[in-house]
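Have a look at the structure below, then the notes.
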Amino acid sequence: MKKKILISAYAISPVKGSEYGAAWDTVTQLAKHHQLWVLYGMSDDHMGDTQTLREFIKTNPLPSITFIEVRAGKVAMAINRLNKIGLGWFFYIAYYLWQKEALKAARAILATVNIDVVHQLGPIGFREPGFLGYLDKPLIWGPIGGMKVIDSLLLENKPLPTRFKFGVKHQINHFQLHSSQRISEAFSRADILIAATIDGQQTILKRFGRESHWLPEQGIVGDIEIDETKFDHIHQRVQLVWSGSHIERKNLGLCLDSLALIKHKNWHLHILGSGPITGKLKQKADELGLSTNITWHGQLSRSAAINIMNAAHLHIVTSIAEDNPAVIFEALRLGVPTLTLDHCGMGDVLCNKCGIKIKVATHDQMTGEIAIVLDHLLLRPEILADMALDTITCAAMHQWEKRLKLMDAYYNEAIELYGKSTISNNETLIILQNA
Numbered sequence: 009m010k011k012k013i014l015i016s017a018y019a020i021s022p023v024k025g026s027e028y029g030a031a032w033d034t035v036t037q038l039a040k041h042h043q044l045w046v047l048y049g050m051s052d053d054h055m056g057d058t059q060t061l062r063e064f065i066k067t068n069p070l071p072s073i074t075f076i077e078v079r080a081g082k083v084a085m086a087i088n089r090l091n092k093i094g095l096g097w098f099f100y101i102a103y104y105l106w107q108k109e110a111l112k113a114a115r116a117i118l119a120t121v122n123i124d125v126v127h128q129l130g131p132i133g134f135r136e137p138g139f140l141g142y143l144d145k146p147l148i149w150g151p152i153g154g155m156k157v158i159d160s161l162l163l164e165n166k167p168l169p170t171r172f173k174f175g176v177k178h179q180i181n182h183f184q185l186h187s188s189q190r191i192s193e194a195f196s197r198a199d200i201l202i203a204a205t206i207d208g209q210q211t212i213l214k215r216f217g218r219e220s221h222w223l224p225e226q227g228i229v230g231d232i233e234i235d236e237t238k239f240d241h242i243h244q245r246v247q248l249v250w251s252g253s254h255i256e257r258k259n260l261g262l263c264l265d266s267l268a269l270i271k272h273k274n275w276h277l278h279i280l281g282s283g284p285i286t287g288k289l290k291q292k293a294d295e296l297g298l299s300t301n302i303t304w305h306g307q308l309s310r311s312a313a314i315n316i317m318n319a320a321h322l323h324i325v326t327s328i329a330e331d332n333p334a335v336i337f338e339a340l341r342l343g344v345p346t347l348t349l350d351h352c353g354m355g356d357v358l359c360n361k362c363g364i365k366i367k368v369a370t371h372d373q374m375t376g377e378i379a380i381v382l383d384h385l386l387l388r389p390e391i392l393a394d395m396a397l398d399t400i401t402c403a404a405m406h407q408w409e410k411r412l413k414l415m416d417a418y419y420n421e422a423i424e425l426y427g428k429s430t431i432s433n434n435e436t437l438i439i440l441q442n443a
């Protein structure tokens, strides 16, 4: 049944990836079945930067979606200037204030529209749950992420500032999960909770005693396809691809160190993206003697990046912390199997048919294990051709057509639970009044 849904999606864009793209895919796919009112605060790089979405809406109207731009107040914008210069934690203060404005906008909508269900969609981090739980409506929160505690083994060889940063983050996470009354109330108020990862699902149950559904924030939009011609010359050269920001968290160095250990040289690595340590990583590749086998593509358009992924035989992910990177689902859609560390969302989404999962261990142990796997695949690259076909099959499990059915079920469940709760509260009130 078609519903009227109010969604808070702070960061959303028709052209950007990551959480922006996940929110965009979610609302545009839901709009196929429902009428949506979407609160948002940015579509570009910073709070209040909304020009991309505003221009897109002008030329590409979406009849089933009403976008409501929520403007942050002067105090929030002033605080967010600190975020712009790199003091990232100040974002959460500014975002907290933006959520206050989002609640006002939501109440204004409810004054004129009979909304059936409210969805706190994004960003996915648990630490700022918003205030939509104060509305007298069925509420879904999620997918919720950001609760992962990184295995200390993954930080052993990282620079001191990186280890310090993650150490502080872990302490803040622990404090907020166990001491924040507002976060605890948010988990309690929501009728339905959706966890972005299985680890997060377990954390929600252990800490808040609430069951939740597991559903990654990302899904597959578009046709699932595979370019089988790329396997014609796979024995001559295996095409590898790594994609992401060049920051310590993405851990490209692990990939480079692993490649330096392999015996066979019939490979070429395509590195997509850029970042503050690009120069350091290029120097490392030179020192390891890998540069002739690597192409550094830098930042590319989405279509150009997809073309490179489509021509690859194996995708490699080495991140030490993620929820569900969008590139995993892009690789699935194109029939490209992924080699990944067996943790975070990658470990949940990928199985042994579409992925090769490396157990989290010390840096040296992981580089050795990855090198053994790659040497085996370079010797017998036909394995990757077989895995590609299995990857296409696995990809179908994450298409939005299937996700829509799940989301519809979650909305119905939220409405039902809210109804039962309302009846129960009314009965209690009557008993108290008659006592």
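For the sequence shown, the working numbering begins at 9 and goes up steadily by one. Ideal Cβ placement from N, Cα and C applies to all residues, glycine included. A quick note: this is a predicted structure, and the numbers were derived from the prediction, not measured.
Cβ neighbour criterion (16 or more within 10 Å) applied to residue i
i: Cys359; result: exposed
i: Asp231; result: exposed
i: Glu338; result: buried
i: Pro167; result: exposed
i: Asp33; result: buried
i: Lys156; result: buried
i: Arg190; result: exposed
i: Leu414; result: exposed
i: Asn88; result: buried
i: Trp97; result: exposed
i: Val83; result: exposed
i: Leu387; result: exposed
i: Ser139; result: As written in the sequence, residue 139 is Phe, which differs from the Ser given in the question. Label assigned to Phe139: buried.
i: Ile180; result: exposed
i: Gly343; result: buried
Pairwise C-alpha distance: residue j and residue i
i: Glu193; j: Asp372; result: 43 Å
i: Trp408; j: Val229; result: 6 Å
i: Gln43; j: Pro146; result: 16 Å
i: Lys24; j: Ala30; result: 9 Å
i: Lys273; j: Leu385; result: 12 Å
i: Ile73; j: Asn122; result: 15 Å
i: His41; j: Asp124; result: 14 Å
i: Asp57; j: Ile76; result: 14 Å
i: Ser299; j: Leu260; result: 14 Å
i: Ala268; j: Asn420; result: 53 Å
i: Met50; j: Ala396; result: 37 Å
i: Ile270; j: Ser253; result: 25 Å
i: Ile152; j: Ile316; result: 31 Å
i: Ile234; j: Leu382; result: 22 Å
i: Glu256; j: Thr326; result: 10 Å
i: Lys214; j: Ser220; result: 11 Å
i: Leu277; j: Leu296; result: 14 Å
i: Leu248; j: Ile380; result: 15 Å
i: Gln107; j: Trp275; result: 49 Å
i: Pro69; j: Ser429; result: 38 Å
i: Ser21; j: Gly81; result: 22 Å
i: Ser187; j: Arg135; result: 12 Å
i: Cys402; j: Ala116; result: 43 Å
Start and end residues, alpha helix (DSSP H) containing residue i
i: Trp106; result: 98-118
i: Ile158; result: Taken as a continuous stretch (DSSP letters only), Ile158 belongs to no alpha helix (DSSP H), as it is neither H nor E.
i: Gly287; result: 286-295
i: Gly29; result: 26-38
i: Ile191; result: 189-197
Reduced DSSP category for residue i - H, G, I as helix; E, B as strand; rest coil
i: Gln307; result: coil
i: Gly227; result: coil
i: Pro146; result: coil
i: Leu14; result: strand
i: Thr346; result: strand
i: Leu70; result: coil
i: Lys428; result: helix
i: Lys173; result: helix
i: Gln210; result: helix
i: Val335; result: helix
i: Asn318; result: helix
i: Lys92; result: helix
i: Lys367; result: coil
i: Val46; result: strand
i: Ile242; result: coil
Chain B contact for residue i (CB, 8 Å cutoff)
i: Leu213; result: Among the chains in the structure shown there is no chain B, since it carries only a single protein chain.
N- and C-terminal bounds of the beta strand (DSSP E) containing residue i
i: Ile234; result: Run containing Ile234: none; DSSP gives neither H nor E here.
i: Gly376; result: No beta strand (DSSP E) holds Gly376; the alpha helix (DSSP H) holding it covers 371-387.
i: Leu322; result: 322-325
i: Leu248; result: 246-251
i: Gln128; result: 125-130
i: Thr203; result: Here residue 203 turns out to be Ala, not Thr, going by the sequence shown. 200-203 is the span of the beta strand (DSSP E), which, as asked, contains Ala203.
So does the region 327-343 actually touch the region 201-211, counting three or more Cβ pairs closer than 8 Å?
yes
Inspect the CB distances between the region 278-294 and the region 256-264 and report whether three or more fall short of 8 Å.
yes
Determine contact between the region 340-354 and the region 363-383, defined as no fewer than three beta-carbon pairs at a distance below 8 Å.
A contact exists between the region 340-354 and the region 363-383.
When the Cβ atoms of the region 137-146 are set against those of the region 169-176, are three or more pairs found closer than 8 Å?
no
When the Cβ atoms of the region 237-246 are set against those of the region 313-325, are three or more pairs found closer than 8 Å?
yes
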